[in-house]
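Contents: one structure, followed by commentary.
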């Protein structure tokens with residue numbers, strides 16, 4: 001077993017884990033943050049996307065021990081029902097989700113894009129989200145939501 | 001008790017593009033999916049699966065697995081005792097369907113890669129998978145057949161020796177006289193159209209948590225029809241269904257693959273009873289690709305006859321349908337759906353469709369988004385454009401000439417079904433207001449001069465939805481062993497809040513919102529006051545679930561009727577209390593008021609208060625305010641529309657770029673237009689995925705090559721354009737809402753539009769026909785062959801469509817009859 005200390009959504013955790021434990025399973029099964037989903041096991045679908053030290057990663061291909069000493073942000077950490085992140089608001093407004101299963105990963109990937117490109121083109125958004133699969137929406141409204149969130153975020157300090 | 005505040009009223013909630021009620025929890029990571037469910041003492045289940053496509057099981061050694069850390073039990077097929085095998089629900093009168101017994105775990109033989117052989121139960125999610133690798137199965141390989149046409153040859157290995165043939169059944173529907181059709185035709189065009197195997201691939205894999213305690217079974221399950229699953233479990237375990245509760249919480253997409261009743265949920269329930277613990281099983285994506293149903297997989301031999309002026313005299317299709325080794329719930333029935341819409345939007349006097357089902361050493365096919373109708377649209381719309389090319393006629397002119405005219409509706413077509421309503425000319429006309437075809441053709445010419453091959457393809461589609469009239473599809477009709485009504489309860493609480501229970505089980509369709517809109521208008525409240533409950537057999541009335549684009553047309557109508565019954569009672573209460581006649585009470589601006597005296601009225605909350613504190617109700621009236629409806633429609637509903645796709649094909653590489661996609665769809669009046677658009681977008685991309693990227697591929701040994709998302713290419717955001725969507729609204733006369741259904745429309749329409757566009761693009765290069773998937777390699781190979789060079793075409797690989805060699809050069813050069821077809 002290995003000891004992992006990390007901060008998730010601002011809360012400090014220390015856990016004894018098997019060295020092979022995936023970060024997504026630490027987050028879901030040990031910390032109970034079930035908003036981060038697993039869709040494919042091969043890091044193709046991006047449902048497990050979260051932020052590790054400010055970078056979007058697919059947490060199904062990160063070992064929990066690799067996150068030792070890191071700061072993790074999950075979908076639960078970027079906004080709440082009473083205080084939505086601009087991307088959450090935009091996904092709601094533009095019908096950017098249907099079954100909702102890919103949505104947390106999409107929003108986290110979208111947030112990663114906006115953190116380094118505040119004014120993306122449609123093509124930028126499509127390329128940035130190419131590693132996140134959605135079977136319901138056909139992406140049209142997701143792209144619209146990310147573009148709208150970029151506009152809404154302008155002038156808002158990060 | 002405080003009453004519920006009334007939000008400001010809009011005139012009607014139906015028709016508003018209101019935001020979804022289900023979204024706040026989902027966008028904040030607070031949705032609740034089956035894999036999120038955790039119970040005290042819960043064990044995990046891992047499934048040992050066959051790596052062989054066809055083999056005798058010589059021995060299974062479970063001792064190593066049993067002694068692995070944390071393992072509570074290991075079981076094989078010999079251990080599992082059930083009262084009945086897994087169900088297949090189609091018994092068509094007068095047609096013999098050869099039906100193998102389907103068990104949750106293999107006994108004696110395995111017949112496809114991924115078939116479950118043993119289960120391991122243990123306390124650790126990773127540990128049970130380790131232990132599963134300690135289950136040693138000795139296999140004695142048997143001959144394998146994967147090509148459905150080879151499987152029909154007399155020399156083929158048999159998938160089921162005891163059945164004695166690989167042909168499962170033959171089912172025919174038709175009308176008119178095919179000999180007359182060909183005799184009257186000046187031209188006959190034939191094509192062999194391959195509609196390859198695909199995966200439904202919802203992003204949420206299947207999962208279940210089964211908990212048996214106190215003689216009762218509770219199952220959380222990723223399902224589209226919890227009430228049916230409950231009935232099946234009751235049969236398998238010899239329980240009455242009231243002892244079982246099946247709950248579908250948030251379900252992360254279904255696309256048909258969560259309709260069937262799978263062995264894993266039975267095994268989890270069985271193990272829970274055996275071990276006295278809750279059992280969770282969550283599918284890996286690899287398990288999904290091998291062991292969750294696939295879709296499509298028809299080889300369609302299509303023949304169309306026409307007069308010189310374009311009048312179609314007849315259409316015939318024989319479909320070789322690869323059903324896999326075993327059936328799931330509806331496996332052999334799905335190809336019938338192709339037959340039900342074989343006439344397309346056209347008035348065709350002579351029609352014949354025959355489905356020949358075939359066993360192969362593969363996973364079962366069953367319903368995936370569209371379920372038989374995408375195959376129909378594809379073959380009809382592709383052959384129509386092939387016919388147009390052969391006739392030298394504009395394909396839209398050919399379509400218009402043969403469209404069923406608006407004034408003919410309700411229209412009975414030659415196979416005997418009656419289309420409820422339609423305006424096929426209208427949807428095509430509207431499409432062409434968005435697509436300037438003359439300008440496109442000029443641009444196409446100019447681009448070709450620059451070496452850019454741009455093409456346009458159309459699909460004027462229709463489908464059958466709203467399953468359905470039980471007398472038509474039930475046991476003595478088409479032969480499904482069930483009724484197909486839907487149920488609904490509308491319950492007004494004392495406070496005036498509303499709970500609407502539906503027997504449907506949505507998984508992304510937004511029914512919490514659209515159903516709330518329907519109910520709010522009818523009882524006089526706002527959608528935020530209406531909680532829609534579904535997917536739980538412990539709370540709502542019996543229902544048939546969500547599939548076949550039926551939830552709104554059947555489930556929504558059922559709710560609408562319950563709401564109207566509630567409103568009727570509310571009017572009688574208001575009339576009594578306001579001292580007016582019931583017929584003088586009207587529901588306006590959220591109030592039950594006396595006609596002509598809008599200030600004299602009662603809110604729903606006030607009426608509910610009177611109904612639940614019944615000191616002054618009309619003589620003989622029961623207290624309370626809730627109503628139930630079981631609604632069985634009189635007919636199916638028949639949505640339709642017209643789609644256009646524009647593509648660029650790189651003649652050097654064969655790569656396709658979808659440049660533009662325009663759709664006009666008609667699903668009747670919109671309840672929530674935003675949700676309709678979303679369904680169309682997603683549906684269209686599903687069809688684009690099949691046309692360009694996706695293919696379930698088994699090699700000649702029956703090994704699944706496309707076993708992960710690395711190999712099975714779902715379209716990403718970077719692969720598709722924005723969509724231009726528009727609608728017409730032709731109400732269905734079948735239900736009071738006038739709605740038809742839209743969940744599968746985009747998928748049903750789009751593969752033909754994309755395929756026709758690619759063929760239009762490469763026609764100047766001498767390529768007159770192409771099968772899906774339209775991979776770079778298959779297109780490039782076709783171009784090379786047309787040029788007269790002979791490309792070396794090996795196996796196209798998992799994402800590659802196999803160029804079938806037919807149809808290059810002039811149209812009409814390819815096809816064969818199925819009997820001549822042989823191996824592809």
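Protein chains in written order, with the working numbering: chain X, 1 to 158; chain Y, 1 to 824.
Where a beta carbon is used, it is the ideal one built from N, C-alpha and C, also for glycine.
DSSP three-state label for residue 859(Y), please. This structure cannot settle anything about residue 859(Y), because the visible part of chain Y is limited to 1 through 824.
Rounded separation between residue 329(Y) and residue 259(Y) - CA only: 8 Å
Length of the line joining the Cα atoms of residue 419(Y) and residue 283(Y): 40 Å
Along the chain, where does the alpha helix (DSSP H) that runs through residue 321(Y) open and close? Residue 321(Y) -> not in any alpha helix (DSSP H); beta strand (DSSP E) instead, spanning 312 to 324.
Whose C-beta lies closer than 7 Å to the C-beta of residue 552(Y) among residues of the same chain, with five residues either side of it excluded? 514, 671, 739, 741
Distance, Cα to Cα, residue 132(Y) vs residue 194(Y)? 38 Å
Give me the Cα-Cα distance between residue 681(Y) and residue 722(Y), rounded to the nearest whole angstrom. 9 Å
Between the C-alpha atoms of residue 632(Y) and residue 173(Y), what's the straight-line distance to the nearest angstrom? 24 Å
Helix, strand or coil for residue 12(X)? Go by DSSP, reduced to three states. strand
Figure out for me which residue from 149(X), 132(X), 59(X) has the closest Cα to the Cα of residue 717(Y). 132(X)
Can you tell me the Cα-Cα spacing of residue 339(Y) and residue 734(Y), whole angstroms? 22 Å
Do the CB positions of residue 59(X) and residue 27(X) come within less than 8 Å of each other? yes
Under 8 Å by Cβ, that's how I've got residue 50(Y) and residue 113(Y) pegged, so tell me the actual separation to the nearest angstrom. 6 Å
Where residue 137(X) meets chain Y, residues with beta-carbon distance less than 7 Å: 678, 681, 682
Would you list the residues sitting across from residue 294(Y) in a DSSP beta bridge? 199(Y), 365(Y)
Who does residue 346(Y) pair with in a DSSP beta bridge? 403(Y)
Sub-8 Å separation of residue 310(Y) and residue 430(Y) beta-carbons: no
Within chain X, the residues that residue 284(Y) reaches when beta carbons sit closer than 8 Å: 41
Check whether chain Y comes within 8 Å of residue 150(X), counting only Cβ atoms and requiring the distance to be less than that. no
So which of 65(Y), 568(Y), 589(Y), 318(Y) has the shortest CA-CA distance to residue 621(Y)? 568(Y)
Residue 459(Y) in three-state terms, based on DSSP: strand
Return no unless some Cβ of chain X is closer than 8 Å to the Cβ of residue 126(Y). yes
Does the segment 525 to 538 of chain Y come close enough to the segment 578 to 587 of chain Y to have 3 or more Cβ pairs within less than 8 Å? no
Assuming residue 36(X) and residue 78(X) form a contact by the criterion Cβ under 8 Å, report the distance between their Cβ atoms to the nearest whole angstrom. At roughly 12 Å, the Cβ-Cβ gap does not stay under 8 Å, so residue 36(X) and residue 78(X) are not in contact.
Can you confirm whether residue 121(Y), when its beta carbon is compared against all beta carbons of chain X, has any partner nearer than 8 Å? no
Contact residues within the segment 190 to 204 of chain Y, judged by C-beta distance below 9 Å to chain X: 200, 201, 202, 203, 204
8 Å Cβ cutoff met for residue 412(Y) and residue 460(Y): no
Would you call residue 153(Y) buried or exposed, if buried means 16 or more other Cβ atoms sit within 10 Å of its Cβ? exposed
Taking the alpha carbon of residue 14(Y) as the reference point, which residue from 589(Y), 198(Y), 522(Y) has its own alpha carbon closest? 522(Y)
Sequence-distant residues of its chain with Cβ nearer than 7 Å to residue 35(Y) (five each side left out): 207, 282
Nearest to residue 177(Y) by alpha carbon, out of 185(Y), 240(Y), 471(Y)? 185(Y)
Taking CB distances under 8 Å as the criterion, tell me whether residue 58(X) reaches chain Y. no
Could you check whether the Cβ of residue 381(Y) sits closer than 7 Å to any heavy atom belonging to the ligand NAP? No copy of the ligand NAP occurs in the structure displayed, which carries no ligand at all.
If we cut at 8 Å on Cβ distances, does residue 111(X) have a partner in chain Y? no
Report yes or no: is there a C-beta of chain C within less than 8 Å of the C-beta of residue 17(X)? Included in the structure are the protein chains X and Y, with no chain C among them.
Quick one: any contact between the segment 683 to 696 of chain Y and the segment 743 to 757 of chain Y, if contact means 3 or more CB pairs under 8 Å? yes
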